[in-house]
Amino acid sequence: DAGVIQSPRHEVTEMGQEVTLRCKPISGHDYLFWYRQTMMRGLELLIYFNNNVPIDDSGMPEDRFSAKMPNASFSTLKIQPSEPRDSAVYFCASSFGVGYTFGSGTRLTVV
Amino acid sequence: GNSVTQMEGPVTLSEEAFLTINCTYTATGYPSLFWYVQYPGEGLQLLLKATKADDKGSNKGFEATYRKETTSFHLEKGSVQVSDSAVYFCALLLRDSNYQLIWGAGTKLIIKP
């Protein structure tokens with residue numbers, strides 16, 4: 002099993018540009034979580050899905066953030082327009098039951 | 014509300030020292046408890062878990078015992094190595110919570126040779 006796959010690993014973009022982060026969960030996992038990690042705020046849950054349906058998006062910071070899960074094997078997190086304060090590491094995790102598996106993260110830098 | 018409190022870091026130890034990272038929790042009901050580890054530049058990995066009181070989780074020489082009476086889940090290792098340098102996160106999961114973990118703030122561990 003290749004684990005949870007995130008792309009890209011690193012993204013540098015200019016303020017105002019659209020950014021799309023991608024995640025492929027582990028096959029058979031029915032939950033998918035998007036997290037953001039910064040030094041200041043630590044680990045923050047942004048949104049999570051169960052069987053491709055968004056369950057709780059209360060952690061999404063603003064309307065500039067959106068997430069989709071069109072099928073069981075793919076999810077995206079989009080930021081439009083991006084701002085420097087969005088700079089962080091974004092993690093995707095999937096689970097089936099109690100065990101989470103995290104991807105390696107996307108380090109986003111908005112300049 | 015439900016929460017997890019970890020000791021503040023960084024924790025700096027010499028190689029082969031004994032490690033304890035404290036974790037206490039507040040929760041309604043009976044949570045499952047976890048320790049995750051994050052090595053530099055990587056995602057979080059499950060280190061160990063315990064699902065009921067008095068359970069002991071163990072992995073890679075690390076141990077933690079679910080203590081209901083003290084609402085604690087302290088992480089211990091008898092002899093740390095430089096390769097154990099990482100950030101350690103304590104977390105809890107409540108039943109009927111849609112498998113949403115509640116996280117501690119993380120404790121950075123630095124092991125010096």
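These protein sequences, in sequence, are chains A and B.
Here my numbering is used: the first residue of the first sequence is 2, the next is one more, and so on.
Here my numbering is used: the first residue of the second sequence is 14, the next is one more, and so on.
Heads up, the beta-carbon is just placed ideally off N, CA and C, and yes, glycines get one too.
Using a Cβ-Cβ cut-off of less than 8 Å, list which residues of the region 94-122 of chain B approach chain A; keep chain order. Within the region 94-122 of chain B, the qualifying residues are Phe102, Leu106, Asn111, Tyr112, Gln113, Leu114, Trp116, Ala118, Gly119.
Alpha-carbon spacing of B/Glu21 relative to B/Thr120, whole angstroms: 6 Å
Establish whether the CB of B/Ser45 and some CB of chain A are separated by less than 9 Å. yes
Whole angstroms are fine: how far does the CA of A/Gln38 sit from the CA of B/Glu55? Distance between the alpha carbons of B/Glu55 and A/Gln38 is about 12 Å.
Per DSSP, A/Ser67 is paired with what? A/Lys79
Kindly indicate the opening and closing residues of the beta strand (DSSP E) around B/Thr84. Membership of B/Thr84 in any beta strand (DSSP E) is not indicated, and neither H nor E is assigned to it by DSSP.
Using a C-beta to C-beta distance shorter than 7 Å, which residues of chain A count as neighbours of B/Glu89? The contacting residues do not exist; B/Glu89 stays about 22 Å from chain A at best.
Establish whether the CB of A/Gly43 and some CB of chain B are separated by less than 9 Å. yes
At least three beta-carbon pairs within less than 8 Å, the region 39-56 of chain B to the region 91-102 of chain B: yes
Select from the region 53-80 of chain B all residues with a C-beta closer than 9 Å to any C-beta belonging to chain A, and list them in chain order. Taking 9 Å as the Cβ-Cβ cut-off against chain A, the residues of the region 53-80 of chain B that qualify are Gly54, Glu55, Gly56, Leu57, Gln58, Leu59, Lys62, Thr64.
Quick check: the Cα distance between B/Ser27 and B/Thr33, rounded to an integer number of angstroms? Going from the Cα of B/Ser27 to the Cα of B/Thr33 covers about 13 Å.
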